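Notes for the one structure printed next.
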Amino acid sequence: MTKSTGTGRILRRLVVAAAVILCGAMGSFAEKEAKLISHLTLYVGEPLLSDGGTVIVASIPIPVDEWRALQGLNLAAEDPENRKRPSLTDKDRLFGVAINARANVVEMYYPEGGTFGFDLVPNFRNHTPKDLQTERILVGSGGWTEWSTSTTSKWPSMSVIHVKGRKAREADSHIVSDSFSRILNLGVSRIDYAGASVMSPTAAQLSEGTFGEVK
438 MTKSTGTGRI
448 LRRLVVAAAV
458 ILCGAMGSFA
468 EKEAKLISHL
478 TLYVGEPLLS
488 DGGTVIVASI
498 PIPVDEWRAL
508 QGLNLAAEDP
518 ENRKRPSLTD
528 KDRLFGVAIN
538 ARANVVEMYY
548 PEGGTFGFDL
558 VPNFRNHTPK
568 DLQTERILVG
578 SGGWTEWSTS
588 TTSKWPSMSV
598 IHVKGRKARE
608 ADSHIVSDSF
618 SRILNLGVSR
628 IDYAGASVMS
638 PTAAQLSEGT
648 FGEVK
């Protein structure tokens, strides 16, 4: 009788311990699931879509309150068939920008403690659908300094994407990746969207910033 009671106590302790472990695992899983997500869709238009080129995406964390308050032009809101919308919760945010130039530098924002994602798709406004082929050729961190103000922008995460096309070489994307700080200091135009900013040099600025290697 005593042995049976002792065994029962041991079993109960094992069950409690297993329950604690399970709860801890579920809690850890819930924490991961609860992370806020900022997703950016980059809508590729002409001439980038046909000619190819380079897209540099820099992901920058900002305070959650600032992220929630981001406002402005958002192309994803105008795209009812955005393929990422079904995978996001109502606490996450979906943004969209247009990229059209031979080279584009995109600074996107995501919530501190959260995570981010981005994808490139043909612009849904194109009347004639075209295939889009891309390859991420570099992943790391980076940043750049505006020489006129000595202001430095730090990029904890940076991806360089080569967009394949009839005029673009992968080597050009590597050159742009090595030269983007110099290019951005040539007075490149900047368009601010909700959740991201797009900087796109002209053909002349791209050539000057790469010492004529990319035209």
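Under the numbering used here, think of the first position of the sequence shown as 438, with each following residue one higher. Every residue gets a Cβ at the ideal spot worked out from N, C-alpha and C, and that includes glycine. Computed from a predicted structure; not experimentally measured.
Just the Cα atoms here: how many angstroms apart are residue i and residue j?
i	j	result
Glu468	Gly551	Because Glu468 sits at a pLDDT of 48, beneath the cut-off of 50, its placement in the model cannot be relied upon, and the point is left open.
Ser475	Glu650	35 Å
Arg539	Asn563	18 Å
Ser634	Thr478	12 Å
Asp568	Ala608	21 Å
Ser487	Val481	10 Å
Val600	Pro559	11 Å
Going by other Cβ atoms of all chains shown within 10 Å of its Cβ, with 16 needed for buried, is residue i buried or exposed?
i	result
Asp615	exposed
Ala514	exposed
Lys521	buried
Asp556	exposed
Glu503	exposed
Glu518	exposed
Leaving aside the five residues before and after residue i along the sequence, list all residues of the same chain whose C-beta is less than 7 Å from its C-beta, in chain order.
i	result
Asp516	Gly533 and Phe561
Glu645	Leu623
Between which two residues does the beta strand (DSSP E) harbouring residue i extend?
i	result
Ala540	Ala540 to Pro548
Arg627	Ser626 to Tyr630
So, for residue i: in the same chain, excluding its five sequence neighbours on each side, which residues have a beta-carbon less than 8 Å away from its beta-carbon?
i	result
Pro523	none
Ile499	Tyr546, Tyr547, Pro548 and Glu549
Within its chain, find whatever has a CB closer than 6 Å to the CB of residue i; leave out the 5 residues flanking it on each side and keep chain order.
i	result
Thr582	Thr589
Ile598	Val492, Thr571 and Arg573
Ala471	none
Could you pull the start and end residues of the alpha helix (DSSP H) that residue i belongs to?
i	result
Ser524	That residue, Ser524, is in no alpha helix (DSSP H); it is neither H nor E in DSSP.
Extract the residue ranges of the beta strand (DSSP E) inside the region 550 to 604, only unbroken runs of 3 or more that lie entirely within it.
552 to 559, 571 to 583 and 588 to 600
Kindly provide the ranges of any beta strand (DSSP E) runs that are 3 or more residues long and lie completely inside the region 486 to 512, ordered along the chain.
490 to 499
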